[in-house]
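Numbering (our numbering), first residue to last: 58 to 359.
The block underneath contains the structure these notes are about, expressed in structure tokens.
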Amino acid sequence: MFRSIFAASLATVLIASTGVSAEQHIIRFQNNCGKGTPQLVQGGQILSTGQDYVSNGPFSGGIAYLQTGECLLNGEECTLLEMTLGNPTVPGGGSSTDISLIPPHAFNVEASFSYFDGCDGSGATCSSSTCPTAFFQSNDNQVQVQCETDNVNLLISFCSDATKAVVSSSSSKPASTTASQSSSIAASSHSASSTAAVQSSSSAVSQSASSASASAPSLVVNPAPTPSSTTAVSESFTASPSTSSASTVANSSPSVPSRKTCHNNARRRAASTAPDSRAIYESHRRHHARLADNHAARRGSF
């Protein structure tokens, strides 16, 4: 009985942990050519014609191209992109993407790719039939672009540079943050100024009360209470000179709480309120070799 309960509990924990750390990759397309249809193919199956494709786990052996009319199912006669997306389990065993112009593939449109949400801006662009960023031989492994970040995503662009699009998108975020911080600082400065004005008014009332008490002992004048907003802002700027004024007023008038009492009240309020890189290279090499052999066989049959 105990073993059954323990096994059930362990299974629940494993399922929960798997759900939290599930691997996921997104492949996104951007077509700026004004023609054609993006194609994402894996194992002879078309997975996307331009829509975001989400892989809930590693994605391997995928190819992409822009179908402009002359492309065959596996991208023959067109600019080809090859990708494998996966979380690294060993150094060099993460994601890898490249552009291929190995026959029977041939340049038809500018193509590029870039990782995002990890390795942002890391990618390649091929804008001509002689671009140095594409495979022309099966051993051109230097053109592969790898990323060792978990759950990385991939942007594929046609007739535009994906790396610039990702970098531009990423650089716009800090600007928004800076603007927000500036607004916060301005608001804090305004609140501090208001606090100083209120405290100065309280000090003036206290001094008037002291003078009145000295000239007419039978007359009792109570100082005006400090607004609650003043106390809140004062707690945020405890090192400001205005706090010293507040402390002086507190000591001169018994009806105003001492600095220690305010500090204690503030504290009470706060208390409540997969394979390595060499294996990837070899996989690409074998893939390109098979394509070349198939192409040669087809040519020999005619």
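Just so you know, even glycine gets a beta-carbon here, dropped at the ideal spot from N, CA and C.
Bear in mind that the values here come from a model prediction, so they are computed numbers and not experimental data.
* For residue 199, which of helix, strand or coil comes out of DSSP? -> Translated into positions along the sequence shown, residue 199 becomes position 142. It is helical.
* To do: Consult DSSP for residue 185 and reduce its assignment to one of helix, strand or coil.
  => Here the question's residue 185 lines up with position 128 in the sequence shown. Residue 185 falls in the coil class under three-state DSSP.
* To do: Could you check which residue in 195, 198, 209, 156 has the C-alpha nearest to that of residue 185?
  => As a position in the sequence shown, residue 185 is number 128, starting the count at 1. Nearest option by C-alpha distance: 156.
* Straight-line CA distance for residue 81 to residue 129? -> Here the question's residue 81 lines up with position 24 in the sequence shown. Here the question's residue 129 lines up with position 72 in the sequence shown. The straight-line gap from Cα to Cα measures roughly 29 Å.
* Asked: residue 170 lies in the beta strand (DSSP E); which residues open and close that run?
  -> What you label residue 170 is simply residue 113 of the sequence shown in a count that begins at 1. Unbroken beta strand (DSSP E) run through residue 170: 168-173.
* Asked: How would you label residue 79, buried or exposed, when you count the other beta carbons within 10 angstroms and need 16 or more for buried?
  -> Your numbering for residue 79 matches position 22 in the sequence shown. So residue 79 ends up on the exposed side.
* **Of the residues 144, 131, 94, the one placed nearest residue 125, counting alpha carbons only** => Looking up residue 125 in the sequence shown gives position 68. The option with the nearest alpha carbon to residue 125 is 94.
* Take the Cβ of residue 103 as the centre, count every other Cβ of all protein chains shown within 10 Å, and call the residue buried at 16 or more, exposed below. => Here residue 103 refers to the residue found at position 46 when the sequence shown is read from its first residue. So residue 103 ends up on the exposed side.
* **Cβ shell of residue 107 (< 7 Å), same chain only, five flanking positions each side left out** => Locating residue 107 in the sequence shown gives position 50, counting from the first residue. Contacts found: 86, 88, 94, 95.
* Neighbourhood of residue 119 by C-beta distance below 6 Å, restricted to the same chain and skipping five residues each side -> The residue labelled residue 119 in the question sits at position 62 within the sequence shown. Closer than 6 Å at the Cβ level, and outside the excluded window around residue 119, lie 99, 140.
* When you compare only the Cα positions, how much space is there between residue 202 and residue 153? -> Sequence index remark: in the sequence shown, residue 202 carries index 145 (1-based). Sequence index remark: in the sequence shown, residue 153 carries index 96 (1-based). Rounded to whole angstroms, residue 202 to residue 153 spans 6 Å at the Cα level.
* What span of residues does the beta strand (DSSP E) with residue 121 cover, start to end? -> Along the sequence shown, read from residue 1 onward, the residue named residue 121 stands at position 64. It spans 116-124 - the beta strand (DSSP E) in which residue 121 sits, taken as one unbroken run.
* Given a cut-off of 8 Å, decide if residue 84 and residue 110 are closer than it, judged by their beta-carbon atoms. => The residue labelled residue 110 in the question sits at position 53 within the sequence shown. The residue labelled residue 84 in the question sits at position 27 within the sequence shown. Their beta carbons are under 8 Å apart, which means residue 110 touches residue 84 by this criterion.
* Asked: Rounded to a whole number of angstroms, what is the C-alpha to C-alpha distance between residue 197 and residue 226?
  -> Looking up residue 197 in the sequence shown gives position 140. Looking up residue 226 in the sequence shown gives position 169. Cα to Cα, residue 197 sits roughly 31 Å from residue 226.
* With 16 other Cβ atoms within 10 Å as the buried cut-off, status of residue 150 -> What you label residue 150 is simply residue 93 of the sequence shown in a count that begins at 1. It counts as buried.
* Asked: Looking at the structure shown, is residue 111 part of a helix, part of a strand, or coil, going by DSSP?
  -> On the sequence shown, residue 111 is found 54 positions in, with the first residue counted as 1. If DSSP states are grouped into helix, strand and coil, residue 111 belongs with the strands.
* Asked: By a C-beta neighbour count over all protein chains shown, 10 Å radius and 16 as the cutoff for buried, is residue 289 buried or exposed?
  -> Here residue 289 is taken as the residue at index 232 of the sequence shown, counted from 1. Confidence in residue 289 is poor, its pLDDT being 40 and thus under 50, which makes the residue's placement too unreliable to answer from.
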